[in-house]
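Residue numbers (the numbering used here), protein chains in the order written: chain A, 267 to 358; chain B, 11 to 49.
As structure tokens, then:
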């Protein structure tokens, strides 16, 4: 499934985040994959995704510099591809 | 260095910095295959 920033996403229920000084470790207990989230802002964004109607709205609310949006969107797409993030309509 | 050369160098550095910002790696997947039982 192609990542769509106009859609609402949330963390998969089988994913655990462990805060670290560099950001967080993210482990998926279902597929047993491990990801490093290398920016605290990304961790905040990921944790807030389910509070917004779209990823773009979450970007706005998180106050991320628009010049960094491409990198953050790429990061979220990568997490979605690994099943760490799921679209809200699928997760329900 | 001439002032115009300084300006050119600064603009080049800014462009490179912008390019770096666009390419920052925010998510890194770590392979833990075969690490069962490793402490």
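Glycine included, every Cβ here is placed at the ideal spot set by N, Cα and C.
Here the structure is a predicted model, which is why all the values come from computation and not from measurement.
With its beta carbon less than 8 angstroms from one in chain B, residue 299 of chain A belongs to the interface. Residue 342 of chain A and residue 312 of chain A have their C-alpha atoms roughly 8 angstroms apart. Note on the region 327 to 356 of chain A: whole beta strand (DSSP E) runs with a minimum of 3 residues are 351 to 353, in chain order.
The three-state reading of DSSP puts residue 280 of chain A in coil, since its state is none of H, G, I, E or B. No Cβ of chain B is located within less than 8 angstroms of the beta carbon of residue 269 of chain A.
Approximately 20 angstroms separates the beta-carbon atoms of residue 320 of chain A and residue 281 of chain A; this is outside 8 angstroms, ruling out the contact. For the C-beta of residue 283 of chain A, not a single chain B residue is nearer than 8 angstroms; the gap to the nearest is close to 12 angstroms. Under the Cβ distance rule, residue 304 of chain A counts among the residues neighbouring chain B, one pair being separated by less than 8 angstroms.
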